[in-house]
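**Student:** Before I ask anything, here is the structure I am working with.
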Amino acid sequence: MSLNLFWFLPTHGDGHYLGSDAGARPVDHGYLQQIAQAADRLGFTGVLIPTGRSCEDAWLVAASMIPVTQRLKFLVALRPSVVSPTVAARQAATLDRLSNGRALFNLVTGSDPQELAGDGVFLDHTARYEASAEFTRVWRRLLEGEKVDFDGKHIKVRGAQLLFPPVQQPRPPLYFGGSSDVAQDLAAEQVDLYLTWGEPPELVKEKIAQVRAKAAAHGRTVRFGIRLHVIVRETNDEAWQAADRLIAHLDDETIAKAQTAFARQDSVGQQRMAALHGGRRDQLEISPNLWAGVGLVRGGAGTALVGDGPTVAARINEYAALGIDSFILSGYPHLEEAYRVGELLFPHLDVTIPEVPSRVRSRRRARRWPTNLFRAAWRRVKEATWQALRKNGSSAPRRGWCQWA
């Protein structure tokens, strides 16, 4: 089975060490562009762009990376209860059109009550998933070309419709991760790819079996992916030394403070991550080559595969044998580690890396090619606009026309 390998854009910050300002690296657009272009050239399928108040806006970052990459896909967060499904569908279709079919979407319900309250969301865990399920039903139907009337508990729309369809048909793929029963129910009914954080293989196997069974009850099949950090070096000893360096500046107070913050969240997945290490740093290898040190101070994905290229590849293939075909990877710092993964890990995996078009061109042309890409994308948008209007019996718009401008 050929694998899809993704990388990560650290829009919340980057550096050499966890939980410390030592070795911290400012993250600006130029640095994110370097990472995106490295991932694009190395052959990663796409990049995950995180969401939350500590991150730059994922949609704007993705849009800014379209003209400076050639084949890279962008996995961007959908936020039910924060944005309406109709607006989110329009945004999704536009991002897919401007990127010429390089948009992927990740349904994120949220897990921190304090952050959610800041966004105006005051629903409890179960109600958030109810709202997310309604959101997803409307969002999917709109992108698939339906005119939608929906009268739900949390969402009500009347006569909702998209005039400009996405490039990917019937719609761009929808990713989603969640460990609770209600989350798995949503995944089984509506999403295309179910994501899990990097738990030991036996626990991942259980989750896959649960979601598969629930999806089968709806007459559906679901693909699977996993979110992991990686620390890969030329030898196993070097990799474990790098893992130790990553948390070299952590003290017990910093770990305790982070764990207290994570404990206030109502995410079952976060609870499962915390249980892997218990806030202790003396027993962090929780499964062969699976290290939980990242989760001492980082929320969300908290485990890393550690080893040389063949060793990490063998562990990835163990997950692949369970049915996982997509691996969303990251490492600190993300620019250097992207190259390490591409050079040390890729050769040991069944992954198809497309050829990169030649970049031999004049300086003048190199400066202008992003603008040309935007012009081509805009021509596609205008042509689709005219076609949609003709279909509705209207004439083509005059130059510069835009509804609600």
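Per full-length UniProt numbering, the sequence shown starts with residue 1, numbered consecutively. From the three backbone atoms N, C-alpha and C, an ideal C-beta is built for every residue, glycine too.
Count the CB pairs spanning the segment 145-156 and the segment 192-212 that are closer than 8 Å, and state whether there are at least three.
**Tutor:** With a cut-off of 8 Å, the segment 192-212 and the segment 145-156 do not count as touching, because too few Cβ pairs lie within range.
**Student:** List the endpoints of the continuous beta strand (DSSP E) containing residue 151.
**Tutor:** Looking at the DSSP string, the run of the beta strand (DSSP E) that includes residue 151 is 148-151.
**Student:** So residue 196 is in the beta strand (DSSP E); what residue range does that whole segment cover?
**Tutor:** Per DSSP, residue 196 belongs to the beta strand (DSSP E) from 193-197.
**Student:** Where residue 32 and residue 48 are concerned, what is the direct C-alpha to C-alpha distance, given to the nearest angstrom?
**Tutor:** Between residue 32 and residue 48, the C-alpha separation is close to 12 Å.
**Student:** How would you label residue 265, buried or exposed, when you count the other beta carbons within 10 angstroms and need 16 or more for buried?
**Tutor:** Residue 265 comes out buried.
**Student:** Would you report the Cα separation of residue 374 and residue 337, rounded to the nearest angstrom?
**Tutor:** The predicted position of residue 374 is uncertain, since its pLDDT is 46 and thus under 50; a value taken from the coordinates is nonetheless stated next. Computed Cα separation, rounded: 30 Å.
**Student:** Would you check if the distance between the CB atom of residue 89 and the CB atom of residue 138 is smaller than 9 Å?
**Tutor:** In contact: residue 89 and residue 138 (Cβ atoms closer than 9 Å).
**Student:** Mind checking if residue 4 is an interface residue toward chain C, Cβ cutoff 9 Å exclusive?
**Tutor:** Among the protein chains of the structure shown there is no chain C, as only one such chain exists.
**Student:** Whole alpha helix (DSSP H) runs in the segment 205-264 with 4 or more residues, listed along the chain?
**Tutor:** If we require 4 residues or more, the alpha helix (DSSP H) runs fully inside the segment 205-264 come out as 236-246 and 252-263.
**Student:** Which value, in whole angstroms, describes the spacing of the CA atoms of residue 167 and residue 329?
**Tutor:** For residue 167 and residue 329, the distance between alpha carbons rounds to 26 Å.
**Student:** Extract the residue ranges of the beta strand (DSSP E) inside the segment 26-88, only unbroken runs of 3 or more that lie entirely within it.
**Tutor:** Fully enclosed beta strand (DSSP E) runs of 3 or longer: 46-48 and 73-78.
**Student:** Hey, would you say residue 335 sits closer than 9 Å to residue 21, going by beta carbons?
**Tutor:** The answer is no: Cβ separation not under 9 Å.
**Student:** Starting from residue 132, follow the alpha helix (DSSP H) in both directions and report where the run begins and ends.
**Tutor:** Start and end: 125-143.
**Student:** On a CA-only basis, which of 258, 311 and 310 is nearest residue 297? Give me that one, please.
**Tutor:** The option with the nearest alpha carbon to residue 297 is 258.
**Student:** Taking the continuous alpha helix (DSSP H) assigned at residue 269, which residues delimit it?
**Tutor:** Its alpha helix (DSSP H) spans residues 268-277.
**Student:** Between residue 158 and residue 187, what straight-line distance do the alpha-carbon atoms span, to the nearest angstrom?
**Tutor:** Taking the straight line from one Cα to the other gives about 26 Å.
**Student:** Alpha carbon to alpha carbon, what distance is there between residue 245 and residue 172?
**Tutor:** Distance between the alpha carbons of residue 172 and residue 245 is about 40 Å.
**Student:** Within 10 angstroms of its Cβ, does residue 51 collect 16 or more other Cβ (buried), or is it exposed?
**Tutor:** Residue 51 is buried by the Cβ-count criterion.
**Student:** What would DSSP say about residue 297, mapped onto helix, strand or coil?
**Tutor:** Correct three-state label for residue 297: coil.
**Student:** Among residues of its own chain, excluding the 5 on either side of residue 395, which ones have a beta-carbon nearer than 6 Å to its beta-carbon?
**Tutor:** With a pLDDT of 41 at residue 395, under the threshold of 50, the modelled position of that residue is not reliable, and no figure is offered here.
**Student:** What residues match up with residue 330 in a beta bridge as DSSP calls it?
**Tutor:** For residue 330, which the question treats as bridged, DSSP gives the partners 229.
**Student:** Output yes or no for whether 9 Å exceeds the beta carbon distance between residue 294 and residue 229.
**Tutor:** In contact: residue 294 and residue 229 (Cβ atoms closer than 9 Å).
**Student:** Please name the residue, chosen from 174, 76, 231 and 194, that lies closest to residue 144 on a Cα-to-Cα basis.
**Tutor:** Of the listed residues, the one whose Cα sits closest to residue 144 is 174.
**Student:** Look at the alpha carbon of residue 127 and the alpha carbon of residue 343, and state the distance between them as a whole number of angstroms.
**Tutor:** Taking the straight line joining both Cα atoms gives about 45 Å.
**Student:** CB residue 326 to CB residue 176, shorter than 9 Å?
**Tutor:** No, these two residues do not count as a Cβ contact at 9 Å.
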